[in-house]
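Enquirer:
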C-alpha cells in the first residue's frame, strides 16, 4: 500500500490534475495524509484550511486474489449554505464537484501492487467533524504483502492415511 499512497500523492500533485479543479473554480487538494482521525480534533483545523484528502485501507487476504478496500476522506471546508432558500446554493454545491474531481483523478491510479479501482460505495461522513467529509470507498486487487498462510498446502484431514505404528524409544 506504500506504493499506492505515493502514487496518489504524485497524481494529485500533477499540474494537469490540479487544473481539473481550477477549471471548476475549486481549490485543488493541498493536504494528503493517511487517515488517523485528524478531522475529529479542533487543533487540526489549520490542516483543513486547504482542501484535504485522507486515505485509509484494509486488505482482505482471505479472498483470492487478496482485495484492498481503499477509503478516501474528501475533506472540504464547507461554510456555505446549500439549502433551498440559499441565495448562493451553487457555490455551496461546489463541494460535490470537488468530490467528483477527486473520483476522476483517483480512478487513474494503478500501481505494481494494486489493480484498477472500482467504486463500491460513497456518502457523507456521519461523524462529528471540523470540516465536511465525503467518503469514496473503492476496491481493487492487491498483490503486496503475501498472506503467511499461503505457504501451507491446502488439504483435507479425512484423506490422510494414518498407520498405527507409533514407535517409542526411551533410550
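Numbering (our numbering), first residue to last: 57 to 227.
Using N, Cα and C, we set each Cβ at its ideal position, and we do this for glycine too.
For a quick check, are the C-beta atoms of residue 129 and residue 110 less than 7 Å apart?
Expert: Start at 1 with the first residue of the chain shown, and residue 129 comes out as number 73. Start at 1 with the first residue of the chain shown, and residue 110 comes out as number 54. Taking 7 Å as the Cβ cut-off, residue 129 and residue 110 qualify as a contacting pair.
Enquirer: Okay, do the segment 161-175 and the segment 136-150 touch, 3+ Cβ pairs below 8 Å being the bar?
Expert: no
Enquirer: Using a threshold of 7 Å, state whether the C-beta atoms of residue 161 and residue 81 are closer than that.
Expert: Reading the chain shown from its first residue, position 105 is the one you call residue 161. Reading the chain shown from its first residue, position 25 is the one you call residue 81. Contact flag unset, no.
Enquirer: What is the rounded straight-line gap between the Cα of residue 194 and the Cα of residue 91?
Expert: Taking the chain shown and counting its residues from 1, the one referred to as residue 194 is at position 138. Taking the chain shown and counting its residues from 1, the one referred to as residue 91 is at position 35. C-alpha separation (whole angstroms): 15 Å.
Enquirer: Which stretch, first to last residue, makes up the beta strand (DSSP E) that contains residue 179?
Expert: Taking the chain shown and counting its residues from 1, one reaches residue 179 at position 123. Here the beta strand (DSSP E) through residue 179 covers 174-180.
Enquirer: If I measure Cβ to Cβ from residue 60 and keep anything under 6 Å in the same chain, skipping five residues before and after, which residues do I get?
Expert: For the purposes of this step, residue 60 is taken as residue 4 along the chain shown, with counting starting at 1. Once the five neighbours on either side are set aside, the close Cβ partners of residue 60 are 167 and 170.
Enquirer: What is the DSSP secondary structure of residue 143, counted as helix, strand or coil?
Expert: In the chain shown, residue 143 corresponds to position 87, counting from 1. Reduced to three states, the DSSP call for residue 143 is coil.
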